[in-house]
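In what follows, a structure is listed as structure tokens, so that the remarks can point back to it.
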DNA sequence: ATAAATTTGTTATATTATAACAATGCGTAA
DNA sequence: TTACGCATTGTTATAATATAACAAATTTAT
Ligand SMILES: [Zn+2]
Ligand SMILES: [Zn+2]
Ligand SMILES: [Zn+2]
Ligand SMILES: [Zn+2]
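Residue numbers (this note's numbering), protein chains in the order written: chain A, 525 to 656; chain B, 525 to 656.
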């Protein structure tokens with residue numbers, strides 16, 4: 525059978541909704557705790573939903589934080605090319621969508637000629653608010 | 525007292541040696557197992573050594589793998605600006621040292637004008653060997 | 001309708017990382 | 001020198017993150 529690519533299961537919808545509502549990246553277990561009333565009882569249910577949502581480009585994982593954010597790029601068709609801005613102080617995370625940057629990285633070729641079909645870039649610094 | 529910045533403790537030397545010898549990224553617990561004969565008995569000892577070595581730019585953490593590699597850039601003075609090439613098939617990881625790339629990223633400025641003092645970039649694809 | 005395959009639920013456990021405190025070493029002021 | 005303070009290292013315990021394994025339910029194919 526061919527995989528359904530445009531339908532979200534109940535668990536996936538619940539998890540996505542929580543992540544979209546959040547103002548900051550959410551950890552898997554904090555998601556688990558906040559959806560237990562809605563019938564999601566165990567880690568694998570959360571992790572499966574997260575995996576699926578990542579594959580669909582609906583959410584991204586912030587690797588340096590083991591946390592998850594909703595994609596802000598109108599459902600990222602390029603979930604394999606992600607860039608984030610992370611504040612070291614308030615931990616705010618925002619997805620960078622900068623055509624020049626993504627073009628540059630998508631076309632990047634190293635010395636050996638290896639080409640890449642996926643990248644993840646995480647920038648760290650102080651956000652405007654925290655710099656003051 | 526001011527911090528010593530150029531001296532490695534015994535544990536740090538042992539951990540660094542193991543990582544430098546390895547041909548692939550090492551996980552913290554695999555490091556722990558392989559240094560237990562040498563007197564390192566518990567996770568915090570390994571994690572402390574890793575933290576220190578990271579700060580010194582002697583090693584880097586591959587965030588997407590929770591694994592550690594030795595810096596190949598002659599002791600990275602720019603441990604805060606890292607880029608890696610990761611093969612999805614054989615899991616080979618190599619540090620990218622490309623002046624153009626690092627310059628581009630170091631100077632990158634997003635829409636809001638936020639500037640960054642640190643970044644980590646992980647590229648994924650198939651290495652030459654695995655592409656054949 | 002039945003069997004096969006896929007997805008979801010559940011239990012258990014593996015893996016990664018840190019908290020908390022004790023023991024040790026080390027510089028310094030009396 | 002000694003004894004006090006502070007930093008580093010060792011140790012125990014536990015927290016946080018993630019997956020394996022199998023059962024139950026649902027969907028799909030025959
Ligand atoms: Zn996105
Ligand atoms: Zn901030
Ligand atoms: Zn390096
Ligand atoms: Zn390869």
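Even for Gly, the Cβ is constructed at its ideal location relative to N, Cα and C.
Cut-off 8 Å between Cβ atoms - residues of its own chain near residue i, not counting five sequence neighbours on either side
i	result
residue 544 of chain A	594
residue 633 of chain B	639
residue 567 of chain A	552, 553 and 556
residue 540 of chain B	532, 573, 577, 582, 583 and 594
residue 525 of chain B	Any answer about residue 525 of chain B is weak, because its pLDDT of 35 lies below 50 and its placement is not dependable; what the coordinates show is given next. Same-chain partners within the cutoff: there are none.
residue 738 of chain B	Any answer about residue 738 of chain B is impossible in this case: the structure gives chain B only from 525 up to 656.
residue 637 of chain A	none
residue 656 of chain A	none
Beta-carbon contacts of residue i that lie in its chain and below 7 Å, excluding the five residues immediately before and after
i	result
residue 625 of chain B	607
residue 528 of chain A	Because the pLDDT at residue 528 of chain A is just 47, under 50, the model does not fix this residue reliably, and the point stays unresolved.
residue 585 of chain A	578 and 592
residue 575 of chain B	none
residue 641 of chain A	604
residue 571 of chain A	552
Residue of the options minimising C-alpha distance to residue i
i	options	result
residue 587 of chain B	A:553, A:652 and A:644	A:644
residue 563 of chain B	B:571, B:538 and B:619	B:538
residue 553 of chain A	A:630, A:584, A:590 and A:631	A:590
residue 598 of chain A	A:585, A:619 and A:592	A:619
residue 621 of chain A	A:555, A:604 and A:592	A:604
residue 542 of chain B	B:629, B:576 and B:558	B:558
residue 615 of chain B	B:533, B:548, B:532 and B:540	B:548
residue 652 of chain B	B:630, B:617 and B:641	B:617
residue 635 of chain B	A:628, A:636, A:623 and A:641	A:623
residue 630 of chain A	B:571, B:656, B:546 and B:646	B:646
Same chain, Cβ closer than 6 Å to residue i, five either side skipped, listed in chain order
i	result
residue 613 of chain A	650 and 654
residue 648 of chain B	610 and 612
residue 551 of chain B	591
residue 596 of chain A	619
residue 565 of chain B	none
Presumed contact (8 Å Cβ cut-off) between residue i and residue j, rounded CB distance
i	j	result
residue 535 of chain A	residue 560 of chain A	At roughly 12 Å, the Cβ-Cβ gap does not stay under 8 Å, so residue 535 of chain A and residue 560 of chain A are not in contact.
Where residue i meets chain B, residues with beta-carbon distance less than 9 Å
i	result
residue 648 of chain A	604, 640, 641, 642, 643 and 644
residue 551 of chain A	Under the 9 Å cutoff, chain B gives no residues; its nearest Cβ is about 15 Å from residue 551 of chain A.
residue 609 of chain A	634, 636, 638 and 640
residue 614 of chain A	None at all; the shortest Cβ gap to chain B is about 12 Å.
Residues that residue i contacts on chain A, provided the C-beta gap is smaller than 7 Å
i	result
residue 597 of chain B	Under the 7 Å cutoff, chain A gives no residues; its nearest Cβ is about 14 Å from residue 597 of chain B.
residue 587 of chain B	587 and 588
Contacts of residue i in chain A (Cβ-Cβ under 8 Å)
i	result
residue 628 of chain B	628
residue 625 of chain B	632
Chain-ordered chain B contacts of residue i [CB-CB under 7 Å]
i	result
residue 620 of chain A	634
Neighbour list for residue i in chain A, Cβ cutoff strictly below 9 Å
i	result
residue 652 of chain B	636, 637 and 638
Within 7 Å of ligand 4: residues by beta-carbon to any heavy atom:
B:611, B:613, B:614, B:616, B:650, B:651, B:653 and B:654
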